[in-house]
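*Asks:* Protein chains in written order, with this note's numbering: chain A, 1046 to 1253; chain B, 25 to 296; chain C, 1166 to 1621.
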Amino acid sequence: MAAMAEDQHVLRKMFCEFDVLSCPDGSAMKYRNRSCLRPNKLIIDKACVEAVYRPKVGQPRVADKTKEKMIGNTCSSAILSTLYPRTSVSIILQEMQNSGGLMACAINAAYLALIRSGIAMKFLVAAVTCGITKDDKVILDPDLNKVKDCHTELMFAFDSIDFNIVAVDSSGQYTEEQYQKALSLCKEASNEIFDFYRNLVKKYACCI
Amino acid sequence: MALQYKTIHPVKYLRDFLAHNVRPDGRGLLKFRPMALNVRSISSADGSALVKIGNTSVICGIKAELATPKAEEPDRGFIVPNVELSPLSSSKFRPGPPSEEAQVASQFVFDVILNSGCIDTKCLCIVPDKLAWVLYCDLVCLNYDGSVLDACILALMAALNTVSLPEVEYDHEKSTTTVKTERVPLKILSMPVSTTHAIFDDEVLLADPTCEEEDLASGTITVVVSEGKLCSVWKPGGSPLTESQMDGCVDRAKNRVSSVLDLINTALKSSS
Amino acid sequence: MKETVLSTCEKEFVPKAISEGRRLDSRNLLEYRKLQIVYGGDWGCCMVSLGKTKVLAQASCEIQQPKSTRPNEGILFVNVEFSPMGAPHFEIGRPTDAAVQCNRLLEKCLKESRCVDLESLCIVADEKVWQVRVDVSILNHDGALVDAASIAALAALAHFRRPDVTLDGEERSSRARFSSSFTPSSPYLKNVVVDPAVLEERTAEAQIVVGINAYRELTALHLGGTGSPATNQLVMHCASLAAVRAMEVVRMMKDELAKDAEARVQKSPVGFVQSMDLEKVTTLSHEAMVTALGQLNMNVKMEEGGGDAASEGSVGESAVNDMIVESVGENSAELVPENDRRPKLDAVALCVDTIGSGGPSTWGGKEEDEEPSSEEEEVQVVAQLSPSSKPKPPVEEIELSESEEEEIHTLQPEEMNLDKGLEDQSDDEIMVSKQNTAQKKGRKKRKKKNGDNICK
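(1) How many angstroms separate the CA atom of residue 1402 of chain C from the CA atom of residue 1370 of chain C?
(2) One question on the structure: do residue 42 of chain B and residue 27 of chain B come within less than 8 Å of each other, judged by their Cβ atoms?
(3) Would a check of beta-carbon distances place residue 1257 of chain C closer than 8 Å to chain A?
(4) Could you check whether residue 291 of chain B and residue 63 of chain B sit closer than 8 Å to each other, using their CB atoms as the reference points?
(5) Residue 1234 of chain C: buried (16+ other C-beta within 10 angstroms of its C-beta) or exposed?
(6) Report the three-state DSSP secondary structure of residue 1244 of chain A (helix, strand or coil).
(7) Between the alpha carbons of residue 1229 of chain C and residue 185 of chain B, how many angstroms are there, rounded?
(8) Less than 8 Å between the CB atoms is what I'm expecting for residue 1304 of chain C and residue 1142 of chain A, so what's the real figure, rounded?
(9) Specify, as a first and last residue, the run of the beta strand (DSSP E) that residue 1195 of chain A falls within.
(10) Counting only runs that start and end within the segment 56-103 of chain B, where is the beta strand (DSSP E) found for 3 or more residues in a row?
(11) Kindly say whether residue 31 of chain B, judged by its beta-carbon, lies nearer than 8 Å to any beta-carbon of chain C.
(12) Taking DSSP's pairing of strands, which residues face residue 207 of chain B in a bridge?
(13) CB residue 113 of chain B to CB residue 166 of chain B, shorter than 8 Å?
(14) Who are the near neighbours of residue 149 of chain B in its chain, counting only those whose CB is closer than 7 Å to its CB and skipping five residues on each side?
(15) Counting only beta-carbon atoms, is residue 1161 of chain C nearer than 8 Å to chain A?
(16) Can residue 139 of chain B and residue 255 of chain B be called in contact, C-beta distance under 8 Å?
(17) What's the C-alpha gap between residue 1182 of chain A and residue 56 of chain B?
(18) With residue 224 of chain B as the anchor, note down where its beta strand (DSSP E) starts and where it stops.
(19) Let me confirm a value: residue 1118 of chain A is counted as buried when at least 16 other C-beta atoms fall within 10 Å, else exposed. Which label applies?
(20) Would you call residue 31 of chain B buried or exposed, if buried means 16 or more other Cβ atoms sit within 10 Å of its Cβ?
(21) For the segment 1200-1232 of chain C, enumerate the residues whose C-beta is nearer than 8 Å to any C-beta of chain A, in chain order.
(22) Would you kindly work out how many angstroms separate the C-alpha atoms of residue 243 of chain B and residue 66 of chain B, rounded to a whole number?
(23) With burial defined as no fewer than 16 other Cβ atoms inside 10 Å of the residue's Cβ, what is the status of residue 1110 of chain A: buried or exposed?
(24) Note down, in chain order, each residue of its chain lying with its Cβ closer than 6 Å to the Cβ of residue 1201 of chain C, except the 5 sequence neighbours on either side.
(25) Pick out whichever of B:86, B:231, B:130 has its Cα sitting closest to the Cα of residue 49 of chain B.
(26) Does the segment 279-286 of chain B come into contact with the segment 1227-1243 of chain A, if we say contact requires no fewer than three beta-carbon pairs (one atom in each stretch) closer than 8 Å?
(27) What is the residue span of the alpha helix (DSSP H) that residue 34 of chain B lies within?
(28) Residues of the segment 130-150 of chain B with a CB closer than 9 Å to any CB of chain A: list them in chain order, please.
(29) The beta strand (DSSP E) with residue 1418 of chain C in it runs from where to where?
(30) Based on DSSP bridge pairs, tell me the residues matched to residue 1242 of chain C.
(31) Anything in the segment 1216-1228 of chain A with a Cβ closer than 9 Å to a Cβ of chain B? List those residues in chain order, please.
(32) Indicate whether the contact test is met: 3 or more Cβ pairs, each with one atom in the segment 1178-1197 of chain A and one in the segment 1206-1226 of chain A, closer than 8 Å.
(33) Check whether chain D comes within 8 Å of residue 1177 of chain A, counting only Cβ atoms and requiring the distance to be less than that.
(34) Name the one or two DSSP bridge partners that residue 243 of chain B has.
(35) Mind reading off the beta-carbon distance from residue 1278 of chain C to residue 1397 of chain C? Whole number of angstroms is fine, and I expect it under 8 Å.
(36) I'd like to know if residue 1213 of chain A contacts chain B, where contact means its C-beta is closer than 8 Å to some C-beta of that chain.
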């Protein structure tokens, strides 16, 4: 089992802070190592889930629309939208610092804010990024320095019940074998994020 | 009667069909629609192709223009894909600035070009820091009936294969350019092929969905395969899929490649 | 979403309390809220919180052509974004009047105070200069936005380093120079209240914003509101309050900047994460986690798939293999199902083996894939224009004419509940049975009409 020892993967340190904002219904600030986003949500009079993603510099571009669609769809698949007629759930994300795995961080932050807002959901979603280096190693959660060595980045989001795949995003070329390897690695790592969710709520719940 | 039933209970209507493993247009659940391809459809463009997948039709025109490369990347040209979903193609779209869906589609096409490396932008550079080609790839959807991303990628690749660029000479001393009449075909390094599936009722997978199926679906997944490798697996949310279902999508996408490439090659050969 | 309306109680209570020298958050009239400046991990990024008001600023730069009127000066661009994150009534892409005002005020302040030496941003006169851009986003709105935004913008600029460029393209990092700084202060009129919270701001008679730098030089003065005209004395009073504040703020900014620089030298982690108080109930940090990629369940997965996936797989293969490519005239090709020529939907064959072997739908009109594929393109197009050339089922016509007779056709429950009937019937049969029921219905109505001859 020498291979096992070699294949050690590290998910970077995660941070989250709830209730950073006073105006919205729920907010969470999440940092994974040094990436962080700040989402919040508020409800108006429609029946849809929308995501707004704001980059740190300049106006939102076409690429950010794709991000918004990804985040919005990923969230709306879990929200029990039929329970909230005539309601609109806006998830607003502000990029604060990018050090790799921005998309995964955004999805996790959005879910934390949804947890905080108390919206009924079918399941939770955890997103994990991994990269494939030039010498074909799969590494988990690469930071900006490691991203430079990667020709491919894959992002997977899993649900918390059966660990099925909710969202996939990728850049670069990869074989099916690499894809499978990355998938199983991320699946394993997603457990850790669900644990994080659980501990966070546990800590927070005791004082409400 | 069927029409009324469909209008009143669109989901149930589709579900009734799917219970019998058949879709409203007579296909099996995992069958693809017939495709038709016509290349060099626009004679004034530098490269063009018209694609029909079932009722979905997309036309792609490529226009090459000369420009100065970016200061950060002086030895690279540009490819600018733009997907247009006009009101002509479907009543879903309104005139005016590009809708969100069109923007997402444009970005997707751009990502596929980048990820598959089908064109080396260095080939588009004529003189570093001075002169480079810009390929404006305009993809116009004429009829919107689902799987538009597949049609866009196919149209783009077929059109890129017909592109030939004139030779350009650049005089360093006078800094003037002369465009010659001889044309050199563009070098295409790989051929990505995209395949879309829709997820209905959280578990049924429908290959190559029509517009109606897409509207009722709880999610879509698009897999792009190029040269035996995956170059994009794109599932923007929607209902969760098991790994085996995902693998099924990837397998079908891989199996489809050869016939689609055959299609492109046949169309290209029959022109000469 | 509209801004919540102020209640009469609030409108009366807040000014009254202030006239008695009290404020809602138990501050004195001339007391400021807690100011916190946190620098981010990137250069030129900082977050400022003033009480609950939170603002994020990021400075960035790019090379641009200078303005023709000032060919040897760089450009300073300020953009204040009131995103809906700050308050529900801010909308994206539609700046409110307050947002425009805040933006203008900030731009004026930063430019007029000459805190950035624009001439040092010039690379080649008349050709290339740096454009320094400051994006300020409001993260949380709790009054005194201009104050927080200006402090954030200035702190971001002070923290920012632009790449040093030589003409042959080599880049190296250097610090941009900033000489002075300012801070506006926005007190009330009459009973002067500094650093108002959002309620105080909304119930105020008027607002004065004073932009002033650390050398007691005024850079901006803005007076707005409905109150009685401000007197000389009042403006002077506000300005002197602002001057004291400006010095405090600049000192604090420099302290934080020094701390950040020291942390960077010692290579200790910097950024927003460090500012999080992990003792708080609302925060949690998760240690770096190590996972060992075991033998995985990649092999197991195949079995997991079960019958469902297996059948899917086999169908998937056949789905592709039965498509054939045909060349159709010049420049064209088609990919059509092989068995397209024998389109016969056999009801019995709808079992697993031949799932989706295709064939035309008997429901809608005929699709264009059935037309002779060897034809020229123009001909095809014509053929497509009339896809439903087959005779319509008589049902539709009957109903159409009935509606002309102003008959109300009610949909019977047994008609809606089709899927029971569908269970063991083939598509053709369904079609027939539905036509039958509809025809029966038609007949019934005809009977009612007593020989009224409608539509044959």
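Yeah, the Cβ is synthetic: ideal placement off N, Cα and C, and Gly gets one too.
*Replies:* By the coordinates alone:
(1) 17 Å
(2) no
(3) yes
(4) yes
(5) exposed
(6) helix
(7) 37 Å
(8) In fact, because the Cβ distance is near 14 Å, the residues do not count as touching under 8 Å.
(9) 1195-1204
(10) 59-63, 71-77, 80-91
(11) no
(12) B:190
(13) yes
(14) 93, 99, 100, 101, 156
(15) In the structure as shown, chain C begins at 1166 and stops at 1621. Residue 1161 of chain C is therefore absent and cannot be evaluated.
(16) yes
(17) 36 Å
(18) 217-224
(19) buried
(20) exposed
(21) 1205, 1206, 1207, 1210, 1212, 1217, 1219, 1221, 1223, 1225
(22) 35 Å
(23) buried
(24) 1214
(25) B:231
(26) no
(27) 34-43
(28) 130, 131, 132, 134, 135, 138, 139, 140, 141
(29) Where residue 1418 of chain C is concerned, there is no enclosing beta strand (DSSP E), although the alpha helix (DSSP H) it sits in stretches over 1397-1430.
(30) C:1298
(31) 1216, 1217, 1218, 1219, 1220, 1221, 1223, 1224, 1225, 1228
(32) yes
(33) In the structure shown, chain D cannot be found, because the protein chains are A, B and C.
(34) B:223
(35) Wrong, their Cβ atoms sit about 23 Å apart, outside the cutoff.
(36) yes
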